[in-house]
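Numbering (UniProt numbering), first residue to last: 1 to 306. Notes to accompany the following structure.
And the structure:
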């Protein structure tokens, strides 16, 4: 086989064919076998994803061929996400280290970061922001990269996730502007005030988790599940966020498919469901004043989970 496959394009084509034939699930940054194979091959060769097309004809060495083939077979046999196989992935146009200590970065919030959170922050001054349930640190670090005048705190309860996040802080050279804090949601940052709080918390229901494809079993369950309807952690965030937001502060939270359950549970709360290029993705924006106005209903819903 190594004699038949020679170029970068050969291995991308072969990988895509193997992935399709094996019926793999594509949900970790990519949604199709070609992009998945491209990520695997280029990352294993230490090449960027925007490499000029002419390089596709480049031939691999014998050692490189063996390595790429081994990774392709592991992707098929072990159902490991590509990001874990190659140790890196891309989020909001930035490269991050990725391994089993945290979920593979894949939030639609990347689109908001790249667009400057327009129109949400168009008339709003931000000095300090918080990335809650940060995992690998991708959201908070990307916010700092795109907004050099922001101070960003990134928070997680997992020691493993925070260790990876701190590596990514150093990797992206934002040590002076990003602080990683171990915290059970807001507990470790009380007393601080934020103009913007962004969170991609766990929101998978227990039933959904049981039915997930094998690829997701390699990720920490702590970063995925949040009760029977996926809202346990989100309700805690809603209940406590107003205390840490400035008067004109904004909360943005991703809840995925739990969007419908949240809207039904708190119908009086004016969640604004953000439209992305591909439509709604279960991400809402909420002003601090709305959190305060509907505090009683939110607190009752959150207290019922305790």
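Every residue, glycine too, gets a C-beta built ideally from N, C-alpha and C.
Counterpart residues of residue i in DSSP-defined beta bridges
| i | result |
| --- | --- |
| residue 88 | 97 |
| residue 179 | 153 |
| residue 251 | 197, 286 |
| residue 132 | 155, 199 |
| residue 225 | 204 |
| residue 7 | 59 |
| residue 245 | 194 |
Whole-number beta carbon distance between residue j and residue i, since they are thought to touch under 8 Å
| i | j | result |
| --- | --- | --- |
| residue 185 | residue 132 | 7 Å |
| residue 245 | residue 301 | Residue 245 to residue 301, Cβ: 19 Å. No contact. |
| residue 316 | residue 155 | Residue 316 is absent from the model: the chain starts at 1 and stops at 306. |
| residue 66 | residue 91 | The Cβ separation is near 30 Å, so there is no contact. |
| residue 255 | residue 282 | 5 Å |
| residue 265 | residue 189 | Going by Cβ atoms, the distance from residue 265 to residue 189 rounds to 26 Å, so no, they are not a contact pair. |
| residue 241 | residue 251 | 5 Å |
| residue 25 | residue 202 | With a Cβ gap of about 19 Å, residue 25 and residue 202 do not count as contacting. |
| residue 261 | residue 229 | 5 Å |
Alpha-carbon to alpha-carbon, residue j and residue i
| i | j | result |
| --- | --- | --- |
| residue 47 | residue 53 | 12 Å |
| residue 289 | residue 208 | 33 Å |
| residue 296 | residue 280 | 28 Å |
| residue 286 | residue 269 | 9 Å |
| residue 89 | residue 293 | 40 Å |
| residue 139 | residue 152 | 10 Å |
| residue 248 | residue 96 | 32 Å |
| residue 80 | residue 74 | 7 Å |
| residue 34 | residue 259 | 30 Å |
| residue 162 | residue 4 | 44 Å |
| residue 299 | residue 113 | 30 Å |
| residue 253 | residue 14 | 39 Å |
| residue 9 | residue 60 | 10 Å |
| residue 219 | residue 71 | 18 Å |
| residue 28 | residue 94 | 16 Å |
| residue 12 | residue 168 | 28 Å |
| residue 19 | residue 78 | 12 Å |
| residue 223 | residue 217 | 11 Å |
| residue 187 | residue 231 | 19 Å |
| residue 148 | residue 23 | 43 Å |
| residue 177 | residue 63 | 41 Å |
| residue 43 | residue 69 | 13 Å |
| residue 49 | residue 38 | 8 Å |
| residue 159 | residue 142 | 21 Å |
| residue 98 | residue 86 | 8 Å |
| residue 30 | residue 100 | 18 Å |
| residue 82 | residue 305 | 36 Å |
| residue 308 | residue 215 | This structure does not reach residue 308, given that the chain is present from 1 up to 306, and the question cannot be answered. |
| residue 58 | residue 32 | 23 Å |
| residue 233 | residue 6 | 49 Å |
| residue 134 | residue 146 | 17 Å |
| residue 115 | residue 284 | 16 Å |
| residue 41 | residue 76 | 14 Å |
| residue 180 | residue 165 | 7 Å |
Contained alpha helix (DSSP H) runs [length at least 4] in the segment 52-86, N- to C-terminal order: Those alpha helix (DSSP H) runs which fall completely within the segment 52-86 and span 4+ residues are 62-78, 82-86.
Cβ pair count under 8 Å reaching 3, the segment 53-69 against the segment 100-119: Touching, no.
Cβ pair count under 8 Å reaching 3, the segment 201-219 against the segment 166-182: By the C-beta criterion, the segment 201-219 is judged not to be in contact with the segment 166-182, since fewer than 3 inter-stretch pairs fall below 8 Å.
Within the segment 273-298, ranges of the beta strand (DSSP E) (whole runs, at least 3 residues): Assignment of beta strand (DSSP E) within the segment 273-298, counting only whole runs of 3 or more residues, yields 279-287 in chain order.
Cβ contact check for the segment 111-129 and the segment 188-199: 3 or more pairs under 8 Å: Between the segment 111-129 and the segment 188-199 there are three or more C-beta pairs closer than 8 Å, enough to call the two in contact.
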